[in-house]
Amino acid sequence: MASQLSPIPRTAPFAEEEIEILNRVVGSANPLQRAWLAGFLAGLDAQTGHARPEPAAPPRTAEPITIVFASESGNSERLAADLAKLARKRGLKPSVVDMADLEVASLPAAKRLVVIAATWGEGDPPARAASAYAALMGETAPRLDGVEFAVLALGDTAYAEFCAVGKAIDARLEALGGKRVAARADLDLDFAEPAARWIEGAVTALAPKADAASAASGGQVIEVDFGAAAEPNLGPFEAEVTAHVDLNSSRSDKETIHLELTFDGKVPAYNPGDSLDLYAHNDPAYVGALLQAAGLAADAVLRDELIAGRDVTTLSLKTVETYAASTGHQYVKALLESGEARDWIAGRQLIDLIAHFPIAISAEQLRALTRPLAPRAYSIASSRREVGEEAHLLVSAVRYQSHGRDRTGVASGYVAERLKKGARVRVKLRPNKHFALPSPERDIIMVGPGTGIAPFRAFVQERRAVGATGKSWLFFGDRNFTHDFLYQLEWQDALNDGALTRMDVAFSRDQPEKIYVQDRLWERRRELVEWLDKGAYFYVCGDAKAMAKDVRATLVRAYADVKALAPDAAERAVVELERGKRYLQDTY
Ligand SMILES: Cc1cc2nc3c(=O)[nH]c(=O)nc-3n(C[C@H](O)[C@H](O)[C@H](O)COP(=O)(O)OP(=O)(O)OC[C@H]3O[C@@H](n4cnc5c(N)ncnc54)[C@H](O)[C@@H]3O)c2cc1C
Ligand SMILES: Cc1cc2nc3c(=O)[nH]c(=O)nc-3n(C[C@H](O)[C@H](O)[C@H](O)COP(=O)(O)O)c2cc1C
């Protein structure tokens, strides 16, 4: 009987189709057939003169390469894995290091170094990588003379500080004496193809040059990675919306949609802490107005293309430069030359540029002003153990006014306004092993104001389903108790059935002075530190700009106060938690 085994790893130096064919043959072969095949191949090489009858030189050991990634949502981490795979094929011995675990003092020992770094917040490193990043930038960073390096920067041109972290690391490695062997690339959200090209170039630049002796001996070392795990199917998957509920009351000034998705085939194999990337469509009304402003209202083909797949809202400096170059618009050129463009684009969108500086443009010129529409991530708010073949999301509608226009977030607006019950949507699984539950007997503390609560609904469901014995403590906050208490009844049930041990809430607008989750953490600092001393895991999800920073600062203050520590000792206590992977964040 043919077995389903796939003994040839995906890292083998063959094309994907060849690996499939080899697996089909070798996977179903019996031991006798395999032994024959091994002997046959060895004999074949000997006969054709490709193999040496006796080894004259000892096999060359693979040269090491260190690949450091600084990642929040996994893109840099995945690219680091791709780079490692290629490096292995080229005879290098890669070690992949999360910057969160990096000992900066060990860097001089790396002969070859690649750093793949994303930028977060407003030009900040990913949260996990923050302390190693500070050490690398700090005065005590070691010299890196003799280290060959290359840096790949990931970012988003919509942010003013585009790829700031990758740029800073690249400059720092050089300043410390490292030798840049491949030019840095600064990549936008559509990074897949340019990243693959950069990886190819960087590995080629870093791979040891085949010397005459090793070429003669055919001495390239090929590492066989028997441990390479099969990659999970991330999708995209087609889903149907089976529930669409606004969890805020009709008198709230917020709109937070609880969305239930079912899948035609099998539900993606998600775990608590993972997110789904949702592929939204643009608002047809916005696209209509944009085409009108551009004088292209009659182009129905362009309209459909823009709605389904182009980023028609982001306005970056790059967009303004492209507009100036392709239209020659004098005022736009002047805006750039005066250095005022950076301030002018703040709070504005592509439509403002075209409406404010009108000029006849072609469909091609408009297309060139846009990039592919990137999916948006949403934390999964359910556990498969409780909801079976479904996945739930919690989406807060982004609505604001700026420069005299009402604005709506692309994806959250799509979910709130157009993705109603029965509609279909494409999603992709975005696993996050850095925000996973510990074993069920461990205690957990969860801090999740606003939509930050979403993954903790999944955590609580999961812990109920597995009968976790560890305690769980939830901090939630929003504006008003009456109008914005997301999943209120579910938390009451969880407190009653023991899935949740305790809950503290902070409703910022229910009293004259603002109260936030970090204020509740401070009030409960003694018990908090006690839980942490007993090994509890601390999770933070939600707003990265203010909340996550305040929560961390509050925890440092709590340690200082409860344990009578100096500020730097209290900071070290929190760094210890982070290094021990007990302070985990998923913030955005
Ligand atoms: C790992 C991860 C998990 C996430 N989980 C969730 C979740 O569970 N629930 C959730 O709702 N979101 C979540 N998000 C955020 C989500 O991905 C989107 O960023 C969010 O929904 C906004 O997307 P949008 O397309 O609606 O808005 P966009 O069209 O992308 O517009 C957002 C942009 O509008 C601008 N803007 C917004 N408000 C204002 C303002 N008041 N004034 C001026 N400009 C403003 C800002 O430039 C902002 O970047 C998560 C993000 C990540 C990375
Ligand atoms: C909340 C948030 C803030 C971001 N801030 C920046 C930024 O300041 N500069 C930038 O270039 N990119 C920024 N990005 C884009 C990320 O760098 C980009 O999505 C990158 O691919 C993420 O890589 P990672 O998955 O390895 O973390 C931001 C993304 C998010 C979601």
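Count along the sequence shown from 1, add 971, and you get the number used in the working numbering.
Think of the CB as a built atom: it goes at the ideal place given N, C-alpha and C, for glycine as much as any other residue.
Where Pro-978 falls: helix, strand or coil (DSSP)
coil
Around ligand 1, which residues pass a check of Cβ closer than 6 Å to any of its heavy atoms?
Ser-1044, Ser-1246, Thr-1284, Gly-1318, Arg-1347, Ala-1348, Tyr-1349, Ser-1350, Leu-1365, Val-1366, Ser-1367, Val-1369, Tyr-1371, Ser-1373, Gly-1380, Val-1381, Ala-1382, Ser-1383, Gly-1384, Thr-1422, Ala-1425, Asp-1557, Tyr-1559
Cut-off 6 Å between Cβ atoms - residues of its own chain near Ala-1407, not counting five sequence neighbours on either side
The answer, listed in chain order, is Gly-1244.
Would you call the CB atoms of Val-1511 and Ala-1524 closer than 8 Å?
For the pair Val-1511 and Ala-1524, the CB atoms are not nearer than the 8 Å cut-off.
Spell out the partners DSSP gives Gln-1037 in its beta bridges.
Note that residue 1037 corresponds to Thr in the displayed sequence, not to Gln. Ser-1066, Leu-1084, per the DSSP bridge assignment.
For a test of the three-state rule: what should DSSP assign to Asp-1481, helix, strand or coil?
coil
Taking one C-beta from the segment 1436–1450 and one from the segment 1458–1477 each time, how about it: are there three or more such pairs within less than 8 Å?
yes
Rounded to whole angstroms, what's the CA-CA distance from Leu-1457 to Arg-1356? Just pull it up for me.
Rounded to whole angstroms, the gap between the alpha carbons of Leu-1457 and Arg-1356 is 21 Å.
Test item: CB-CB of Leu-1337 and Ala-1265 under 8 Å:
yes
Using C-beta distances below 6 Å, list every residue in its chain close to Ile-1316, excluding the 5 sequence neighbours before and after it, in chain order.
Sequence-distant partners of Ile-1316 (beyond 5 residues in either direction) whose C-beta falls short of 6 Å from its own C-beta, in its chain, are Leu-1286.
Start-end ranges of the alpha helix (DSSP H) lying completely within the segment 1242–1283, minimum 4 residues:
1255–1265, 1271–1280
Which residue comes first and which comes last in the beta strand (DSSP E) that contains Glu-1211?
1208–1217
One or two residues paired with Gly-1513 in a DSSP bridge:
BP columns for Gly-1513 point to Thr-1558.
For Gly-1189, collect the residues of the same chain with a Cβ closer than 6 Å to its Cβ; drop the 5 residues on either side in sequence, then sort them by chain order.
Annotation note: pLDDT 46 at Gly-1189 (below 50); position unreliable, no value reported.
Taking only runs that begin and end inside the segment 1425–1470, name each unbroken alpha helix (DSSP H) of 4 or more residues, in chain order.
1425–1436, 1452–1455, 1459–1468
With three or more C-beta pairs closer than 8 Å as the rule, is the segment 1202–1215 touching the segment 1224–1243?
yes
Please tell me whether Trp-1502 and Asp-1414 are closer than 8 Å, where the distance is taken between their beta carbons.
yes
Run of the beta strand (DSSP E) containing Thr-1227, from where it starts to where it stops:
1227–1234
Please list the terminal residues of the continuous alpha helix (DSSP H) segment that includes Val-1398.
Premise fails: Val-1398 lies in the beta strand (DSSP E), 1395–1401, not in any alpha helix (DSSP H).
Ala-1507 and Ile-1416: beta carbons closer than 8 Å?
yes
With respect to 7 Å, is the separation between the Cβ of Asp-1053 and the closest non-hydrogen atom of ligand 2 below this value?
no
Report the three-state DSSP secondary structure of Leu-1324 (helix, strand or coil).
helix
If we count the other Cβ atoms within 10 Å of its Cβ and call it buried at 16 or more, is Gln-1432 buried or exposed?
Flag for Gln-1432 reads buried.
Hey, would you say the C-beta of Phe-1234 is under 7 Å away from at least one heavy atom of ligand 2?
no
Could you tell me the distance, in whole angstroms, from the CA atom of Asp-1539 to the CA atom of Val-1546?
10 Å
Skipping 5 residues on each side, what residues in its chain have a beta carbon closer than 6 Å to that of Gln-1320?
Thr-1284, Leu-1286
For Ala-1368, which residues of its own chain have a beta-carbon under 6 Å away from its beta-carbon, when the five flanking residues on both sides are left out?
Correct list, in chain order: Glu-1226, Ser-1383, Ala-1387.
According to DSSP, is Ile-1332 helix, strand or coil?
It is coil, neither helix nor strand.
Less than 8 Å separating the beta-carbons of Pro-1165 and Ala-1154?
no
Find the nearest neighbour of Ser-1066 within the set Arg-1151, Glu-1034, His-1327, judged by alpha-carbon distance.
Glu-1034
Pick out the complete alpha helix (DSSP H) segments inside the segment 1085–1130, 4 residues or longer, and give them in chain order.
Segments of the alpha helix (DSSP H) lying fully in the segment 1085–1130: 1101–1108.
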